[in-house]
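Asks:
Residue numbers (my numbering): 182 to 946.
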């Protein structure tokens with residue numbers, strides 16, 4: 182018995198640490214089982230209870246009688262549309278949209294309409310356009326009668342009648358017809374209204390689109406005694422898309438039945454009578470704050486809180502007052518941003534002190550990413566040295582060039598900013614003035630922005646008038662600001678591409694491969710692309726074309742292709758010249774095609790594929806942008822592999838080569854854009870055609886068009902290694918670029934070093 186008691190005591194002592202855990206598990210299991218039985222019982226009672234269904238809880242959206250989502254759900258719950266194909270109809274390929282936003286039916290955020298008149302179109306409307314138009318995604322001006330000359334950069338819609346009610350009626354009709362299905366919010370303002378564009382844009386982001394909204398400065402009707410209000414037009418007002426769609430069927434009735442002098446009052450009465458919606462100044466926790474300007478107001482002296490918080494200010498009597506208001510509100514917004522930055526920096530310092538790194542973890546400037554830390558010597562970002570007159574890292578590779586243009590403005594601004602920051606830090610004890618920039622260094626860090634290190638020779642003056650010259654090193658950072666999406670015109674992949682292939686006698690060995698790739702990747706796939714060949718005859722060959730045509734073999738290949746593809750025609754153009762200038766050749770081709778033709782200027786070493794043609798279509802925008810791809814040039818296999826088997830893996834097809842930045846042979850552009858730039862070039866050079874021999878199509882667009890030049894590496898254009906023949910009759914720059922392209926296309930530095938090493942080893946033995 183004593184032994185049994187001892188064994189029991191030993192077991193209890195061993196289990197004593199686990200007793201709380203066992204008790205907790207037992208208690209938890211018991212409570213969960215008890216709760217499950219209660220829930221089950223309650224569910225059964227609710228299912229079996231007779232009578233009407235219980236009302237939904239507060240905040241729950243209503244549901245239909247059959248349990249499906251009610252009317253409040255249709256904009257948010259996904260719906261699966263079943264696919265049905267009629268077997269009796271022929272199959273037709275479905276064209277998907279390029280952007281998911283288009284396919285899902287998303288709308289743009291905000292449309293702005295400005296009501297103006299013929300008398301104020303060139304004054305107040307211009308002031309509105311210069312102050313806030315660039316902040317809104319879409320802004321149109323509506324007037325009754327237009328002046329003879331419309332101000333530049335303004336989209337104007339004239340209705341032909343200056344009556345205020347008619348102008349409002351036609352404006353609402355126009356907005357519904359042209360933009361009702363594209364935008365969620367519509368902001369209506371007058372040209373004597375100053376609106377804080379960023380505040381208005383922020384307002385609509387906090388409002389629900391699934392509600393009828395009539396938001397503005399609520400005013401009582403003249404002589405009215407009801408609770409309804411209309412939105413004062415002088416301070417602007419906001420309409421939701423759902424309200425506009427419901428209002429449009431009643432606009433004709435409102436025009437015939439409602440009499441009013443003020444257009445804003447007429448619109449408010451129409452919305453109230455037919456939709457039962459009144460104007461409000463506060464909705465969903467958002468306030469529409471306004472400020473009414475008194476006569477002879479000086480915006481610079483306005484310090485009231487209502488003024489600083491206003492979204493719209495009215496009335497603005499002249500252009501000067503509009504610009505002064507814009508300057509004052511910009512200063513207020515800038516002060517808020519600086520204060521917010523200081524608060525955030527203080528929070529970052531306080532929080533960083535609590536981290537394991539402590540105060541040493543605070544980067545400079547506070548809130549900006551730390552400098553990039555290279556993992557090898559190949560990732561080190563080099564510094565560029567500069568003075569106030571010269572730059573010692575030039576784009577063309579020369580060791581020294583004059584500091585000019587944007588670089589000069591950048592250096593001047595950064596020096597002024599450095600002296601200003603020093604004075605702000607040491608005043609009133611010291612006052613600094615710049616004597617000279619001793620040394621300047623800058624580099625672009627993609628993780629944070631442009632970094633500068635300046636050695637300045639300064640003159641420091643004290644409050645007592647004493648001065649001293651000293652040298653001081655300062656560091657500055659121009660951080661990367663907020664990334665913005667540049668609005669671009671919409672383009673599609675259905676555009677036909679016209680390939681232009683110039684051919685010389687030296688290119689004959691590569692034409693067969695080009696035509697085979699063109700047939701396989703475009704003709705077999707029925708891609709919307711055509712080909713035009715440009716035969717460039719030397720004068721000697723042109724004289725003997727009757728006896729022996731050097732391009733007879735190419736013409737035979739073209740004939741075979743046209744026989745194989747009955748609906749394909751490949752035209753060719755014959756040109757006789759000693760100097761095949763790219764611009765002169767393009768002049769001939771341009772005259773033989775319509776102005777809306779999308780050209781792809783190719784080279785004989787180019788391997789055409791559908792992927793690149795689609796990028797050519799997407800990156801080339803008429804009257805907006807041209808595309809100059811940088812092809813991938815493979816290295817000389819004799820130097821890279823030296824008798825070894827070449828890599829055949831598809832993942833390594835861009836390994837043994839480089840992107841040839843010296844070549845501008847490939848280009849995508851519209852004929853209309855080329856003709857416009859070419860006309861400006863002709864007016865500049867007059868009859869000096871020899872200038873064209875030193876130019877390429879890239880130079881024409883760069884110097885004689887205001888278009889965007891998109892130059893980017895293109896992995897879809899891969900060219901096999903070939904030693905190109907450089908025509909010495911071209912300009913010195915073009916010949917030099919051709920030679921550099923050949924030299925850099927031989928092999929990488931490591932491959933060349935290995936080849937030299939092996940050659941020296943062979944010579945030594």
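Here a beta-carbon is modelled for each residue, glycine too, at the ideal position from N, C-alpha and C. Bear in mind that the values here come from a model prediction, so they are computed numbers and not experimental data.
If you reduce the DSSP assignment to three classes, tell me which class residue 529 lands in.
Replies: Here residue 529 refers to the residue found at position 348 of the chain shown. Helix at residue 529.
Asks: Could you pull the DSSP bridge partners for residue 549 from this structure?
Replies: The residue you call residue 549 lines up with position 368 of the chain shown. Its beta-bridge partners do not exist; DSSP assigns none.
Asks: Just how far apart, CA to CA, sit residue 354 and residue 348?
Replies: Here residue 354 is taken as the residue at index 173 of the chain shown, counted from 1. Here residue 348 is taken as the residue at index 167 of the chain shown, counted from 1. If you take the alpha carbons of residue 354 and residue 348, they lie about 10 Å apart.
Asks: When you compare each of 794, 865, 726 to residue 707 by their alpha carbons, which one comes out closest?
Replies: Reading the chain shown from its first residue, position 526 is the one you call residue 707. Checking every option, the nearest Cα to that of residue 707 belongs to 794.
Asks: Determine the contact status of residue 528 and residue 513, defining contact as a CB-CB distance below 8 Å.
Replies: In the chain shown, the residue the question calls residue 528 occupies position 347. In the chain shown, the residue the question calls residue 513 occupies position 332. The answer is no: Cβ separation not under 8 Å.
Asks: State the Cα-Cα distance for the pair residue 915 and residue 872, rounded to the nearest angstrom.
Replies: Looking up residue 915 in the chain shown gives position 734. Looking up residue 872 in the chain shown gives position 691. The straight-line gap from Cα to Cα measures roughly 13 Å.
Asks: What span of residues does the alpha helix (DSSP H) with residue 941 cover, start to end?
Replies: One-based indexing of the chain shown puts residue 941 at position 760. 930-945 is the extent of the alpha helix (DSSP H) around residue 941.
Asks: May I have the straight-line CA-CA distance separating residue 394 from residue 450, to the nearest angstrom?
Replies: Translated into the one-based positions of the chain shown, residue 394 becomes position 213. Translated into the one-based positions of the chain shown, residue 450 becomes position 269. In a straight line, the C-alpha of residue 394 is about 15 Å away from that of residue 450.
Asks: Assuming contact is defined by CB atoms lying nearer than 8 Å, are residue 898 and residue 808 in contact in what I supplied?
Replies: What you label residue 898 is simply residue 717 of the chain shown in a count that begins at 1. What you label residue 808 is simply residue 627 of the chain shown in a count that begins at 1. Contact: no.
Asks: Expressed to the nearest angstrom, what Euclidean distance is found between the alpha-carbon atoms of residue 247 and residue 360?
Replies: As a working mapping, residue 247 is identified with position 66 in the chain shown. As a working mapping, residue 360 is identified with position 179 in the chain shown. The predicted position of residue 247 is uncertain, since its pLDDT is 41 and thus under 50; no value can be drawn from it.
Asks: On the CB-based measure, 16 or more other CB atoms within 10 Å of its CB, does residue 545 come out buried or exposed?
Replies: Indexing the chain shown from 1 puts residue 545 at position 364. That one is exposed.
Asks: Taking DSSP's pairing of strands, which residues face residue 421 in a bridge?
Replies: In the chain shown, counting from the first residue as 1, residue 421 sits at position 240. 366.
Asks: Residue 802 by DSSP, collapsed to three states: which one?
Replies: Taking the chain shown and counting its residues from 1, one reaches residue 802 at position 621. It is a strand residue.
Asks: In three-state terms, what does DSSP make of residue 345?
Replies: On the chain shown, residue 345 is found 164 positions in, with the first residue counted as 1. Helix.
Asks: Entirely within the stretch 419-466 and at least 4 residues each: give me those alpha helix (DSSP H) ranges in chain order.
Replies: Listed in chain order, they are 422-428, 432-438, 444-456.
Asks: Please list the segments of the beta strand (DSSP E) lying wholly inside the stretch 722-807, counting only runs of 3 or more residues, in order along the chain.
Replies: Whole beta strand (DSSP E) segments, 3+ residues: 753-757, 779-782.
Asks: Please report the distance separating the alpha-carbon of residue 941 from that of residue 934.
Replies: In the chain shown, counting from the first residue as 1, residue 941 sits at position 760. In the chain shown, counting from the first residue as 1, residue 934 sits at position 753. If you take the alpha carbons of residue 941 and residue 934, they lie about 11 Å apart.
Asks: Report the three-state DSSP secondary structure of residue 948 (helix, strand or coil).
Replies: The structure shown does not extend to residue 948, since the chain is modelled only from 182 through 946, so no value can be given for it.
Asks: Would you mind sorting residue 917 into buried or exposed? The rule is 16 or more other CB atoms within 10 Å of its CB.
Replies: In the chain shown, the residue the question calls residue 917 occupies position 736. Residue 917 is exposed by the Cβ-count criterion.
Asks: How many angstroms separate the CA atom of residue 789 from the CA atom of residue 938?
Replies: Position 608 of the chain shown holds residue 789. Position 757 of the chain shown holds residue 938. Rounded to the nearest angstrom, the two C-alpha atoms are 38 Å apart.
Asks: Work out the CA separation of residue 557 and residue 532 for me, nearest whole Å.
Replies: Translated into the one-based positions of the chain shown, residue 532 becomes position 351. Translated into the one-based positions of the chain shown, residue 557 becomes position 376. Near 32 Å, if we compare the C-alpha coordinates of residue 557 and residue 532.
Asks: Let me know the beta strand (DSSP E) ranges lying completely inside the stretch 885-926, each 3 residues or longer, listed in chain order.
Replies: Those beta strand (DSSP E) runs which fall completely within the stretch 885-926 and span 3+ residues are 889-900.
Asks: Under 8 Å, with one C-beta from each stretch per pair, do the stretch 490-510 and the stretch 366-378 reach the 3-pair mark?
Replies: Yes, they touch.
Asks: So, for residue 387: in the same chain, excluding its five sequence neighbours on each side, which residues have a beta-carbon less than 8 Å away from its beta-carbon?
Replies: Working through the chain shown from its first residue, we reach residue 387 at position 206. 465, 466, 467, listed in sequence order.
Asks: If you drop the 5 nearest sequence neighbours on each side, which residues of the same chain put their C-beta closer than 7 Å to that of residue 904?
Replies: For the purposes of this step, residue 904 is taken as residue 723 along the chain shown, with counting starting at 1. So the list reads 923, once near-sequence residues are dropped.
Asks: With burial defined as no fewer than 16 other Cβ atoms inside 10 Å of the residue's Cβ, what is the status of residue 830: buried or exposed?
Replies: Position 649 of the chain shown, counted from the start, is the residue given in the question as residue 830. Low local confidence applies: a pLDDT of 43 at residue 830 is under 50, so the model's placement there is unreliable, with the coordinate-based value given in what follows. Exposed: under 16 other Cβ atoms inside 10 Å.
Asks: Between residue 949 and the rest of its own chain, which residues show a CB-CB distance below 7 Å, the 5 nearest in sequence each way excluded?
Replies: Residue 949 lies beyond the stretch modelled for the chain, which goes from 182 to 946, so this question has no answer here.
Asks: Does the Cβ-Cβ distance between residue 365 and residue 412 come in under 8 Å?
Replies: Counting from one through the chain shown, the residue named residue 365 turns up at place 184. Counting from one through the chain shown, the residue named residue 412 turns up at place 231. In this structure, residue 412 does not lie closer than 8 Å to residue 365 by Cβ.
Asks: If you draw a straight line from the alpha carbon of residue 125 to that of residue 901, how long is it in whole angstroms?
Replies: No answer is possible for residue 125: the residues shown for the chain start at 182 and end at 946.
Asks: Can you name, in chain order, every residue of its own chain whose Cβ lies under 6 Å from the Cβ of residue 889, other than the five neighbours on each side?
Replies: The sequence position of residue 889 within the chain shown is 708, counting from 1. Contacts found: 806.
Asks: In this structure, how does DSSP classify residue 200 when only helix, strand and coil are distinguished?
Replies: For the purposes of this step, residue 200 is taken as residue 19 along the chain shown, with counting starting at 1. Looking at residue 200 - three-state DSSP - the assignment turns out to be helix.
Asks: For the stretch 288-296 against the stretch 318-328, do three or more pairs of beta-carbon atoms, one drawn from each stretch, fall closer than 8 Å, so that the two count as touching?
Replies: The answer is yes - the stretch 318-328 touches the stretch 288-296, with three or more Cβ pairs under 8 Å.
Asks: Would residue 777 be called buried (16 or more neighbouring beta carbons within 10 Å of its own) or exposed?
Replies: Numbered from its first residue, the chain shown carries residue 777 at position 596. Exposed, by the Cβ-count rule.
Asks: Below 8 Å, can you find three or more Cβ-Cβ pairs linking the stretch 540-555 to the stretch 587-594?
Replies: Contact between the stretch 540-555 and the stretch 587-594 is absent, because fewer than three Cβ pairs lie under 8 Å.
Asks: Could you please give the first and the last residue of the uninterrupted beta strand (DSSP E) stretch that includes residue 660?
Replies: To locate residue 660, count along the chain shown from 1; it is residue 479. First-last of the beta strand (DSSP E) with residue 660: 648-660.
Asks: What is the DSSP secondary structure of residue 468, counted as helix, strand or coil?
Replies: What you label residue 468 is simply residue 287 of the chain shown in a count that begins at 1. Residue 468 falls in the strand class under three-state DSSP.
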